Amino acid sequence: MELNSVKKAVVQSYGKLAKSRKKGLLPKLFGCCDSSSYAKQIGEMIGYSQEEIANLPVEANLGVGCGNPAALARMQAGETVIDLGSGAGFDVFNVSSIVGSRGKVVGIDLSDDMLELARQNARKYQYNNVEFVKGDIEDLPLNDQIADHIISNCVINLSFQKAQVFKEAYRVLKNGGRLSISDIMLEKELPWLIKKSLPAHIACVSGAEKLEDYVSYIRQAGFTEIKIKSKSAFPLELMLADPQVNELAEAMNMKLSKEKIEEMASRVVSISLTAKKTG
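Taking the numbering used here, I'd label the letters of the sequence shown as residues 7 to 285.
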């Protein structure tokens, strides 16, 4: 797959999701990210408390995460936090109350439609300590050493240049700053046809890598104290409920039985990890 074409397709797909959400619709678009009416249940399933979900803008909950990175970080009032791939702002708004009025949360996203939806949510619910900036997580439009924390939720797997993403994260973190991310990774390699499939990449599957490779990118960027906080099987019901998986199967002339979906799901795990910049 050509990198620029893949990136463009990903941005277009998430832009379509943002437009649908603004119209009050939540279509099921992604294999790993169920943006249906079950977004609240999915939020609980991946680590958000009922209180968090209830206190955050419903328009920002797209059900497209795979964990709760804010729960991993020891954030304090007055700190600056960067969210890589902030979407409609769900995690940004979640962190906003932690850092308070003296702190700041900056969401980075490449989709104009997502940025518009996030800014609309910020205005509507009066989040005054947040900002949403258009940018590529592989080339952040931010100065060096400005952040106390960097978070990301099921986004870095979409990049084919993960090593560059972590180099950029390291650059914008202050010394002593922390990285807290949730993402999709592989227990076993995917079949070649799925690995090379554009629909599967947009579905957050084919861009996933094995944990040891993922961690190596973080270590090579300069991070230390890399800790795996949680590791869990990816919820099978998301795959079973999502027509994107069946569309992917049809495109490859596969008859996708429940057993085959179970086998595919067994290759994918959700990971939450933290790391520190000590340089």
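Beta carbons: idealized from backbone N, C-alpha and C, even for Gly.
All values reported here derive from a predicted model rather than from experimental measurement.
| Asked | Found |
| --- | --- |
| Cβ pair count under 8 Å reaching 3, the region 69 to 83 against the region 273 to 281 | yes |
| Presumed contact (8 Å Cβ cut-off) between valine 98 and valine 64, rounded CB distance | Contact flag wrong, Cβ pair sits at about 15 Å. |
| Sheet register partners of alanine 281 (DSSP bridge) | Leu185 |
| Burial state of isoleucine 234 (16 or more Cβ within 10 Å) | exposed |
| Of the residues Ala153, Ile187, Asn159, the one placed nearest leucine 68, counting alpha carbons only | Asn159 |
| Simplified DSSP assignment, three categories, for glutamine 226 | helix |
| Per-residue burial, glycine 182 [other beta carbons within 10 Å of its own, 16 or more giving buried] | exposed |
| Rounded straight-line distance, which links the Cα of lysine 140 to that of lysine 34 | Residue placement at lysine 34 cannot be trusted, given a pLDDT of 46 that sits under 50; the coordinates are not used to answer. |
| Cβ separation of glycine 53 and alanine 77, assumed to be a contact under 8 Å, to the nearest whole Å | 6 Å |
| Sequence ranges, alpha helix (DSSP H) only - wholly within the region 35 to 121, length at least 4 | 45 to 51, 56 to 61, 96 to 105 |
| Chain-order list of residues whose beta-carbon lies under 7 Å from that of valine 111 (same chain, five-residue window excluded) | Val87, Asp89, Val98, Val101, Ser102, Val105, Asn135, Val136 |
| The beta strand (DSSP E) enclosing alanine 214, as first and last residue numbers | Neither: alanine 214 is in no beta strand (DSSP E) and is coded neither H nor E. |
| Cβ separation of aspartate 154 and glutamate 50, assumed to be a contact under 8 Å, to the nearest whole Å | With 8 Å as the limit, aspartate 154 and glutamate 50 do not qualify as a contact, their Cβ atoms being about 28 Å apart. |
| Integer-rounded CB distance, given that leucine 62 should sit under 8 Å from phenylalanine 96 | 6 Å |
| Per DSSP, the bridge partner or partners of asparagine 159 | Ser188 |
| Assumed close pair leucine 164, phenylalanine 138 - CB separation to whole angstroms, cut-off 8 Å | Incorrect: roughly 18 Å between the Cβ atoms, too far for contact. |
| Reduced DSSP secondary structure (H/G/I, E/B, other) of leucine 148 | coil |
| Cβ shell of leucine 217 (< 6 Å), same chain only, five flanking positions each side left out | Met191 |
| Contact check, phenylalanine 172 vs alanine 227, beta carbons under 8 Å | yes |
| Candidates Glu144, Ile232, Gln82: closest to valine 161 by CA position | Glu144 |
| Bridge-paired residues (DSSP) for serine 276 | Ile190, Ser238 |
| Phenylalanine 172 - DSSP class collapsed to helix/strand/coil | helix |
| Distance, isoleucine 187 Cα to glycine 91 Cα | 11 Å |
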